[in-house]
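Let me begin by presenting the structure, written as structure tokens, before commenting on it.
Protein chains in written order, with the numbering used here: chain A, 523 to 637; chain B, 3 to 114.
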């Protein structure tokens with residue numbers, strides 16, 4: 523099975539711009555979660571989508587948003603970029619949204635640099 | 003207090019030794035725990051999951067969970083230089099969907 527894929531892998535944007543990142547989960551996986559990883563804060567949960575619905579949301583400002591399509595692919599959008607948004611954005615997919623024995627598998631990530 | 007805490011290291015062990023990585027958590031609602039390995043510049047890779055008290059073994063890796071004491075550990079036997087990476091501990095609260103709360107990671111260095 524192919525793993526989680528994310529596009530683009532690298533992105534350079536300017537403050538004030540917006541960006542859209544894409545994630546395709548492992549075939550058959552219906553849950554997609556997004557995380558932000560920075561050297562200072564580590565890995566932090568952004569949000570989770572299951573069956574095109576946001577199931578969980580982390581403590582990030584409203585500039586961060588996402589959506590999921592009927593084929594389980596997901597996108598996240600960051601508007602009005604700030605320098606502090608520079609990070610590795612990771613997508614993880616899981617077979618099922620709830621249930622205590624489902625594992626998450628990460629994609630390669632998108633490295634976003636805001637200048 | 004962070005919800006999931008790990009010693010940042012680095013933890014240095016000689017090749018062939020046992021590496022012991024520890025993690026504590028504060029939320030008693032956390033029921034599922036995961037260990038991920040992350041090489042520099044790469045994304046996290048799932049190594050082990052553990053849901054019940056006790057030990058779970060998979061090859062050279064053993065995960066241990068003690069819910070009463072709220073700690074999780076990962077033992078790596080016969081450590082190899084290729085095991086040198088950052089190890090991330092993550093917990094998931096029952097009913098919390100797939101939200102994982104991560105520790106800051108422990109850097110492991112296996113020396114020749």
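Cβ atoms here follow ideal geometry from the backbone N, Cα and C, with glycine treated the same way.
Just so we're clear, the structure is a prediction, and the values are computed from it rather than from any experiment.
Output yes if chain A places a C-beta closer than 8 Å to the C-beta of residue i; else output no.
{"i": "residue 108 (chain B)", "result": "no"}
{"i": "residue 100 (chain B)", "result": "yes"}
{"i": "residue 36 (chain B)", "result": "yes"}
{"i": "residue 76 (chain B)", "result": "no"}
{"i": "residue 90 (chain B)", "result": "yes"}
{"i": "residue 104 (chain B)", "result": "yes"}
{"i": "residue 48 (chain B)", "result": "yes"}
{"i": "residue 45 (chain B)", "result": "yes"}
{"i": "residue 81 (chain B)", "result": "no"}
{"i": "residue 54 (chain B)", "result": "no"}
{"i": "residue 28 (chain B)", "result": "no"}
{"i": "residue 42 (chain B)", "result": "no"}
{"i": "residue 32 (chain B)", "result": "no"}
{"i": "residue 22 (chain B)", "result": "no"}
Kindly indicate if chain B contains any beta-carbon less than 8 Å away from that of residue i.
{"i": "residue 547 (chain A)", "result": "no"}
{"i": "residue 634 (chain A)", "result": "no"}
{"i": "residue 628 (chain A)", "result": "yes"}
{"i": "residue 585 (chain A)", "result": "no"}
{"i": "residue 567 (chain A)", "result": "yes"}
{"i": "residue 608 (chain A)", "result": "no"}
{"i": "residue 564 (chain A)", "result": "yes"}
In the DSSP assignment, what residue or residues form a beta bridge with residue i?
{"i": "residue 548 (chain A)", "result": "Paired residues: none, contrary to the question."}
{"i": "residue 607 (chain A)", "result": "DSSP, once it has assigned bridges, lists no residue as partnering residue 607 (chain A)."}
{"i": "residue 94 (chain B)", "result": "B:34"}
{"i": "residue 16 (chain B)", "result": "B:113"}
{"i": "residue 39 (chain B)", "result": "B:47 and B:89"}
{"i": "residue 529 (chain A)", "result": "A:544"}
{"i": "residue 56 (chain B)", "result": "B:67"}
According to the Cβ coordinates, are residue i and residue j closer than 8 Å?
{"i": "residue 603 (chain A)", "j": "residue 538 (chain A)", "result": "yes"}
{"i": "residue 636 (chain A)", "j": "residue 596 (chain A)", "result": "no"}
{"i": "residue 90 (chain B)", "j": "residue 565 (chain A)", "result": "yes"}
{"i": "residue 617 (chain A)", "j": "residue 550 (chain A)", "result": "yes"}
{"i": "residue 49 (chain B)", "j": "residue 41 (chain B)", "result": "no"}
{"i": "residue 112 (chain B)", "j": "residue 86 (chain B)", "result": "yes"}
{"i": "residue 581 (chain A)", "j": "residue 569 (chain A)", "result": "no"}
{"i": "residue 552 (chain A)", "j": "residue 573 (chain A)", "result": "yes"}
{"i": "residue 586 (chain A)", "j": "residue 102 (chain B)", "result": "no"}
If contacts are defined as beta-carbon pairs under 8 Å, then residue i and residue j qualify, I think. What distance do you get, rounded to the angstrom?
{"i": "residue 548 (chain A)", "j": "residue 615 (chain A)", "result": "5 Å"}
{"i": "residue 600 (chain A)", "j": "residue 540 (chain A)", "result": "6 Å"}
{"i": "residue 35 (chain B)", "j": "residue 52 (chain B)", "result": "5 Å"}
{"i": "residue 107 (chain B)", "j": "residue 22 (chain B)", "result": "About 15 Å separates the two Cβ atoms, so there is no contact after all."}
Check your understanding: On the three-pair Cβ rule with 8 Å, is the region 60 to 77 of chain B touching the region 7 to 16 of chain B?
Key -> no
Check your understanding: Is the region 85 to 103 of chain B touching the region 19 to 33 of chain B in the sense that three or more CB pairs, one from each, lie closer than 8 Å?
Key -> yes
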